Amino acid sequence: MKSNLPRSLQTTLIILIVVGIVMLALGGYFGGITNWLGQVTVGSQTWLSSRFLAISDFLTVPRDMASLRQTNIELEAEVAQLQTQIIELQQQVTQTEILSALVDFARTNPENTYKAAAVIGRDPSPFLRYVILNVGSNDGIVRGMPVVTQQGLVGRVDAVVSGAARVQLITDQVSAVNIILKNSKTEAILTGSITGDLSLGMISHDVTIEPSDVVLTSGLGGDYPPNILIGQVVSISNPEYELFQSASIQPIVDFSRVEFVLVIINFQPVDISPLLPTPSP
Amino acid sequence: MIQTGIISRINLLSGSADLILAILVTWSIQEQVKTAWHWAVIGGLMVGFISGLPWFIPLAGYLMVVGVARLLLRRVWQAVLLETFIVIFFGTFGIQLLTAGYLTLMGGTFKIGDVISLIILPSTLLNLLVVIPVYYLIKDLALWLYPVEVNP
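Chains as they are written, first to last, in this note's numbering: chain A, 1 to 281; chain B, 282 to 433.
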């Protein structure tokens with residue numbers, strides 16, 4: 001529909017209406033309406049914003065979770081690695097302490113020459129008390145050499161190959177060591193057993209031995225050097241119907257936990273078997 | 282290496298498990314395996330070389346156990362694990378008594394009661410425990426090496 005009013009009149013009319021509305025607004029007549037519109041707008045904006053944020057979170061949080069999980073895995077791996085390092089360092093500290101003690105022992109006993117060795121295995125048979133060392137004939141080890149720790153006597157080399165040696169512990173059931181009791185100055189024979197217990201035999205009834213007496217190698221027989229500490233007397237058995245007294249010995253070395261030992265390489269065992277008397281026919 | 286380095290250090294009283302025995306027994310009772318005797322000889326000689334015992338004692342013991350295992354093969358119907366336990370039980374007893382007999386002949390002095398209660402029975406128990414995982418490992422190994430033929 002075409003308007004009948006001239007164009008200039010239309011423009012003037014619009015300007016007047018706009019000016020009137022502005023004047024009314026400035027005069028405060030539209031307050032209720034603007035408040036209502038503002039509330040509606042703000043409410044709508046709030047609703048829209050919250051929904052947008054919810055959708056945005058929904059879309060972005062899984063990505064963050066994956067990132068966090070990845071970070072967690074990496075941290076756990078790092079913790080495991082650090083724990084492994086701690087264990088390795090603790091083992092090194094323990095080994096260093098043991099080796100340091102062995103060095104101290106070697107310094108305080110300069111009359112002997114030692115070769116340090118690690119215990120790398122034990123005899124597969126539960127009847128035998130043998131350990132395997134990581135040194136052999138290439139390191140100058142020969143059969144019969146005594147083996148000690150910083151605490152005391154361990155045993156002697158029983159067999160040797162180029163890179164390893166087998167040591168018979170003094171707790172082995174066929175082991176026999178000539179000993180002397182430090183306080184009573186009594187000589188006796190120390191024997192092992194299948195259970196690993198040590199006992200003394202061949203002690204005359206005339207001799208008085210006391211618990212806690214110290215047991216040392218006597219050097220008789222030529223198998224071991226003298227004065228190596230073995231242990232202490234724990235209990236004494238002295239039945240009248242036996243020919244000899246016997247005693248139980250607490251070894252000073254914990255044979256179940258021996259890790260490093262010293263082989264006395266300047267000691268040559270003496271084979272006295274040709275000197276032993278043979279029964280004449 | 283595992284036997285001397287680890288297993289021999291794990292003791293129950295004075296007994297210890299025999300991993301080589303467990304492997305030999307479980308290998309021998311696999312039907313498709315044809316090399317049980319070979320491994321008994323190899324295992325026996327290796328143990329004889331490492332151990333303080335003379336070489337023929339572990340060799341004879343392992344051959345005896347493999348013989349028993351092959352003898353019992355398929356006799357215990359569809360109960361291979363039970364057969365394993367039976368062989369391990371009597372095999373451990375046999376080997377330990379063989380060792381004890383040898384040591385007695387060589388002048389060892391010990392009470393047979395101590396040997397049974399402190400060595401043989403604990404060793405048997407440990408072997409019975411060790412043989413369970415070994416059985417499943419060896420069974421898988423045998424199936425991998427000797428796949429069962431399926432007829433179409």
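Beta carbons are placed, not taken as given, at the ideal position from N, Cα and C, and that holds for glycine.
None of the values given here were measured: they were computed from a predicted structure.
In the three-state reduction of the DSSP assignment, A/Glu97 falls in the helix class. Using a Cβ-Cβ cut-off of 8 Å, B/Ser404 is close to Pro126 of chain A, given in chain order. Among the residues of the stretch 317-350 of chain B, those with a Cβ less than 7 Å away from any Cβ of chain A are Val328, Ile331, Ser332, Gly333, Leu334, in the order of the chain. By the Cβ rule, the stretch 412-423 of chain B does not count as touching the stretch 154-169 of chain A, because fewer than three pairs are nearer than 8 Å. Pairing A/Gly201 with A/Ser246 gives a Cβ-Cβ distance under 8 Å. Taking the beta carbon of B/Val396 as reference, the chain A residues within 9 Å of it are Phe127, Ile194, listed in sequence order.
Looking at the backbone, the Cα of A/Lys182 and that of A/Leu216 are separated by about 7 Å. With its beta carbon at least 8 Å from every one in chain A, B/Ala303 lies outside the interface.
For the pair A/Ser199 and B/Leu399, the Cα-to-Cα distance works out to about 18 Å. Under the three-state reduction of DSSP output, A/Val253 falls in the coil class, being neither helix nor strand. B/Ala321 is the residue among B/Leu294, B/Gly296, B/Ser295, B/Ala321 whose C-alpha sits nearest the C-alpha of B/Thr307. Using a CB distance cut-off of 8 Å, B/Phe374 does not count as an interface residue toward chain A. The Cβ atoms of B/Gly375 and B/Gly342 sit closer than 8 Å to each other.
With respect to A/Asn178, A/Leu220 sits close: the two C-beta atoms are nearer than 8 Å. Listed in chain order, the beta strand (DSSP E) runs fully inside the stretch 224-277 of chain A are 229-237, 245-251, 260-264, counting runs of at least 3 residues. By the neighbour-count criterion, in which a residue is buried when 16 or more other Cβ atoms sit within 10 angstroms of its Cβ, B/Met387 is exposed. Residue environment for A/Tyr29: exposed (fewer than 16 other C-beta atoms within 10 angstroms of its C-beta). Rounded to whole angstroms, the Cβ separation of A/Val93 and A/Val261 is 19 Å, and the two are not in contact under 8 Å. The residue among A/Phe127, A/Gly31, A/Gln151 with its C-alpha nearest the C-alpha of A/Ala101 is A/Gln151.
Under the DSSP assignment, A/Gly201 falls in the beta strand (DSSP E) whose first and last residues are 198-203. Every beta strand (DSSP E) stretch that sits fully inside the stretch 67-152 of chain A and reaches 3 residues is listed by chain position as 114-122, 130-133, 146-148. Contacts with chain B at 8 Å (Cβ-Cβ) include A/Asp158. Between B/Leu293 and B/Phe370, the alpha-carbon positions lie close to 16 Å from each other.
A residue is called buried once 16 or more other Cβ atoms fall within 10 Å of its Cβ, and A/Ile33, having fewer, is exposed. Neighbours of B/Ile310 in chain A, taken as residues at a C-beta separation under 9 Å, are lacking, since the least C-beta distance is about 22 Å. A/Asn178: member of the beta strand (DSSP E) spanning 176-181, first to last residue.
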